[in-house]
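Colleague: Take a look at this one; I'll ask things after.
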Amino acid sequence: MSGKILWGRWLGVTTILMGVGYTLLKVATPTEEEFYNSLSPDLKRKVDEVRAQRAALENSKTVQAKLEAASDDGKDPYF
């Protein structure tokens with residue numbers, strides 16, 4: 001039996017290794033809030049600026065989509 005693969009043992013060891021890896025990933029990776037709190041004040045300011053720009057862009061996209069939807073009401077498509 002020295003040449004045969006012990007599938008049960010192989011499956012168990014592989015499962016344990018993947019479980020340890022996943023647990024290590026979850027423990028070692030900071031949450032978004034923890035990461036933000038660990039930044040320097042200068043980087044926090046830059047992150048806040050980027051977030052504000054993204055929010056403004058998203059807001060303008062939704063407003064533009066609403067305007068396009070309102071302007072398309074009642075019109076037939078040009079074919």
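All residue numbers for the sequence shown refer to full-length UniProt numbering, where the first residue is 1 and numbers rise by one.
Note that CB positions come from ideal geometry on N, CA and C, so glycine has one too.
Write down every uninterrupted run of the beta strand (DSSP E) in the stretch 10 to 61 whose length is 3 residues or greater and which is fully enclosed by it, in chain order.
Modeller: none
Colleague: Throw me the rounded Cβ distance for the Y36 and V47 pair, which I believe falls under 8 Å.
Modeller: If you number the sequence shown from 1, residue 36 lands on position 36. If you number the sequence shown from 1, residue 47 lands on position 47. Indeed, because the Cβ distance is near 7 Å, the residues count as touching under 8 Å.
Colleague: Give me the Cα-Cα distance between L67 and T29, rounded to the nearest whole angstrom.
Modeller: The residue given as residue 67 occupies position 67 in the sequence shown. The residue given as residue 29 occupies position 29 in the sequence shown. Answer to the nearest angstrom: the Cα atoms are 42 Å apart.
Colleague: For a test of the three-state rule: what should DSSP assign to K66, helix, strand or coil?
Modeller: Start at 1 with the first residue of the sequence shown, and residue 66 comes out as number 66. Here K66 sits in helix by DSSP.
Colleague: Distance check for Q53 and residue 96, CA to CA, integer angstroms please.
Modeller: Shown here, the chain extends from 1 to 79; a query on residue 96 therefore has no answer.
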